[in-house]
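Colleague: Before I ask anything, here is the structure I am working with.
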Amino acid sequence: MTLETVRLQLLLVGAFLTAVPARDELIATVRKVDPQMRTCSVVTGVGHALRVVSIVIEDDTRVTQRGTAIPASELKPGMVVRIAFRDEAGRKRCASIEAQEKP
Amino acid sequence: MTPRSRALRLGAGLLPLALVAACVRPPNPGDPIRGLSRVQREQFDRGRAVVEREFEPDTGLGPLFNAPACGECHEDPVAGGGGDEVERHVGLVNSDGTCDSLVERGGPVMQQVATPALREALGIDSEPVPPGAALAGRSTPDLLGFGLLDAVPDAAILAHADPDDRDHDGISGRPNRFFDGRLGRFGRKAIVPSLRDFNDGAFVIEQGVTNPAVPVEETIGGSPIPAGVDPVPEPEIDQRAIDDTDAFVRFLAAPARRSLDREGRRGRDLFATIRCVGCHVPTLETGEDSIEPLRKKKVAAYTDLLLHDMGLELADICLGDASPSEFRTEPLMGLRLNSRFLHDARAATVREAIELHGGEAAASRDRFRSLSEKDRAALLKFLDSL
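One line per chain: the protein sequences are A and B, in this order.
Sequential numbering from 0 applies to the first sequence in numbering that gives the first Met the number 0.
Sequential numbering from 0 applies to the second sequence in numbering that gives the first Met the number 0.
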């Protein structure tokens with residue numbers, strides 16, 4: 000393998016890592032689920048500074064409760080959920096939603 | 000040297016120490032807790048400067064805000080104290096019983112002042128209240144001793160919870176939880192889990208000053224901020240200033256209680272006898288905090304930091320799990336420093352505040368009413384020592 004090949008491979012890996020947005024996570028309370036629009040809006044924030052975040056539910060989004068897969072329509076307002084998502088062009092595309100147990 | 004003369008010499012040597020200990024003055028309002036390191040004390044002093052700093056639109060204020068400085072409201076009797084300002088909060092109970100804090104329409108805190116640029120752009124003086132929203136007034140609490148409340152372990156709070164009133168005393172305190180499930184303890188509805196969150200969020204909702212923890216401005220009643228009215232890039236305050244502010248609030252000493260005379264001691268006993276202590280738990284203990292002066296300390300907070308139903312007369316908005324009539328037990332430490340009482344400052348005196356207690360507190364209120372005038376005076380004298 001020449002030095003040029005190695006350099007090219009490193010460049011390609013770098014470009015790939017830049018293109019794939021970092022996966023993020025948040026824990027929030029479900030506000031509304033819109034099965035038609037495949038969106039779920041949740042409430043989160045810091046102190047009394049609250050924010051509504053809208054996330055896109057993809058066909059391959061894993062929605063679970065107690066480790067068991069459930070349909071997204073079973074997410075109800077007031078449920079606390081852990082969401083893993085990627086921010087792509089301002090849209091939060093969801094990889095997984097895990098309903099949390101009430102403490 | 001004989002053992003007796005050695006003992007006398009030792010006693011003479013310890014006497015000045017004992018005298019010094021006896022003469023250590025209690026903290027004044029606004030003093031830091033004792034035992035801070037030099038670095039912590041310097042951070043406390045820098046934090047006070049941030050709290051007293053008045054922001055302008057070109058240093059991050061607004062475009063909507065309630066006050067230009069923390070110390071504008073938290074001012075009485077010192078920076079970090081209470082104030083006579085009453086905020087406007089909103090909420091709505093949905094038809095399915097869930098709580099909507101109207102975040103998408105600017106809730107739950109509605110800012111009451113607009114910067115000149117926003118006034119010019121939209122012709123508004125304050126954030127518009129969403130139609131149909133339930134309204135709540137929120138007075139400015141003093142922050143003295145809040146670092147100690149923050150250091151109380153969750154388990155110590157939950158130990159007082161009795162949501163199903165299993166002990167049949169008519170008092171059923173239950174916790175509120177933040178939107179991520181953490182146990183809440185700050186705010187009149189106990190929604191805020193930590194002092195850090197309380198402070199970080201306050202910069203934005205009270206002053207419109209974004210910071211690393213909350214880098215996005217509040218909306219204008221749910222609508223985006225018009226172009227050009229908020230020229231300062233986010234975050235509008237840096238992490239160091241935020242950390243210093245947090246240290247200032249965290250290290251504020253709890254107000255010292257006045258010593259009780261015989262009447263005051265009787266009042267304290269009556270406070271327990273008529274079961275005010277069912278919610279206003281006299282003492283909480285802090286846990287293994289990383290800050291030594293906050294570690295394993297007894298706090299005469301007179302609160303359980305839990306939600307209690309206070310009756311329909313006081314009901315206003317829901318927030319998180321708290322229903323409109325549920326409020327967190329107000330800490331009574333520093334009560335004597337306040338000039339208005341209850342969550343919305345509706346009571347002009349402590350006696351009036353007691354009279355307005357309802358719901359779970361109605362039985363204690365009725366017992367207060369049935370006391371002789373002399374006993375009521377004793378109980379009020381005790382409360383005036385806090």
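Virtual Cβ for every residue (Gly too), placed ideally from N, Cα, C.
So which residues of chain A does residue 102 of chain B contact, with C-beta pairs closer than 7 Å?
Modeller: In chain order: 42, 49, 50, 51.
Colleague: Just to confirm, are residue 133 of chain B and residue 327 of chain B a CB contact at a threshold of 7 Å?
Modeller: No.
Colleague: Helix, strand or coil: how does DSSP classify residue 136 of chain B here?
Modeller: Three-state DSSP puts residue 136 of chain B in a strand.
Colleague: How big is the Cα-Cα spacing for residue 288 of chain B and residue 150 of chain B?
Modeller: Distance between the alpha carbons of residue 288 of chain B and residue 150 of chain B is about 6 Å.
Colleague: Are the stretch 136 to 151 of chain B and the stretch 90 to 100 of chain B in contact at 8 Å, needing three or more beta carbon pairs?
Modeller: As far as the Cβ criterion goes, the stretch 136 to 151 of chain B does not touch the stretch 90 to 100 of chain B, which means the pair count is below three.
Colleague: Would a check of beta-carbon distances place residue 391 of chain B closer than 7 Å to chain A?
Modeller: A query on residue 391 of chain B cannot be resolved here, the shown segment of chain B reaching from 0 to 385 and no further.
Colleague: Assuming residue 387 of chain B and residue 378 of chain B form a contact by the criterion Cβ under 8 Å, report the distance between their Cβ atoms to the nearest whole angstrom.
Modeller: Within the shown structure, residues of chain B are numbered from 0 to 385, placing residue 387 of chain B beyond reach of any answer.
Colleague: For chain A, check one thing: does any of its Cβ atoms lie closer than 7 Å to the Cβ of residue 97 of chain B?
Modeller: By this cut-off, residue 97 of chain B is an interface position.
Colleague: Given residue 415 of chain B, which residues of its chain have a CB within under 6 Å of its CB, disregarding the five upstream and five downstream residues?
Modeller: Outside the displayed span of chain B (0 to 385) sits residue 415 of chain B, for which this structure offers no information.
Colleague: For residue 214 of chain B, which residues of its own chain have a beta-carbon under 7 Å away from its beta-carbon, when the five flanking residues on both sides are left out?
Modeller: Excluding residues within five positions, the ones whose Cβ falls inside 7 Å are 233, 234.
Colleague: In chain A, which residues lie less than 9 Å from residue 187 of chain B when you measure between Cβ atoms?
Modeller: Residues of chain A passing the Cβ test: none, with the nearest at roughly 10 Å.
Colleague: Mind pulling the alpha helix (DSSP H) runs of 4 or more residues that sit fully within the stretch 209 to 239 of chain B?
Modeller: Correct list: empty.
Colleague: Please classify residue 369 of chain B as buried or exposed, where buried requires at least 16 other C-beta atoms within 10 Å of its C-beta.
Modeller: The residue in question, residue 369 of chain B, is exposed, as its Cβ has fewer than 16 Cβ neighbours within 10 Å.
Colleague: Going by other Cβ atoms of all chains shown within 10 Å of its Cβ, with 16 needed for buried, is residue 93 of chain B buried or exposed?
Modeller: Under this definition residue 93 of chain B is an exposed residue.
Colleague: With H, G and I counted as helix, E and B as strand and the rest as coil, what does DSSP make of residue 36 of chain B?
Modeller: Here residue 36 of chain B sits in coil by DSSP.
Colleague: Residues of chain B with CB under 7 Å from residue 26 of chain A, in chain order?
Modeller: In chain order: 179, 180.
Colleague: Quick one: residues in its chain with C-beta nearer than 6 Å to the C-beta of residue 42 of chain B, no 5 flanking neighbours on either side, listed in chain order?
Modeller: 243, 246.
Colleague: Which same chain residues, not among the five before or five after residue 198 of chain B, have their C-beta less than 8 Å away from its C-beta?
Modeller: Correct list, in chain order: 241, 244, 245, 248.
Colleague: Counting only C-beta atoms, is residue 80 of chain A closer than 7 Å to chain B at any point?
Modeller: Chain B contact via Cβ: absent.
Colleague: Rounded to whole angstroms, what is the Cα-Cα separation between residue 322 of chain B and residue 168 of chain B?
Modeller: Distance between the alpha carbons of residue 322 of chain B and residue 168 of chain B: 21 Å.
Colleague: Sort out for me which residues DSSP pairs residue 176 of chain B with in a bridge.
Modeller: Answer by DSSP bridge pairing, in chain order: B:182.
Colleague: At least one CB of chain B closer than 7 Å to the CB of residue 34 of chain A: is that the case?
Modeller: Judged by the 7 Å Cβ criterion, residue 34 of chain A is not in contact with chain B.
Colleague: Between residue 386 of chain B and chain A, is any beta-carbon pair separated by less than 7 Å?
Modeller: This structure gives no information on residue 386 of chain B, because the portion of chain B shown stretches from 0 to 385.
Colleague: Please name the residues in the stretch 273 to 287 of chain B whose beta-carbon is closer than 9 Å to at least one beta-carbon of chain A, in chain order.
Modeller: Taking 9 Å as the Cβ-Cβ cut-off against chain A, none of the residues of the stretch 273 to 287 of chain B qualify.
Colleague: At a Cβ threshold of 7 Å, is residue 196 of chain B touching chain A?
Modeller: So yes, residue 196 of chain B belongs to the interface.
Colleague: Where do the ends of the alpha helix (DSSP H) carrying residue 349 of chain B lie?
Modeller: Note, residue 349 of chain B: alpha helix (DSSP H), 349 to 354.
Colleague: Would residue 206 of chain B and residue 381 of chain B qualify as a contact pair, given that the criterion is a beta-carbon distance under 7 Å?
Modeller: Taking 7 Å as the Cβ cut-off, residue 206 of chain B and residue 381 of chain B do not qualify as a contacting pair.
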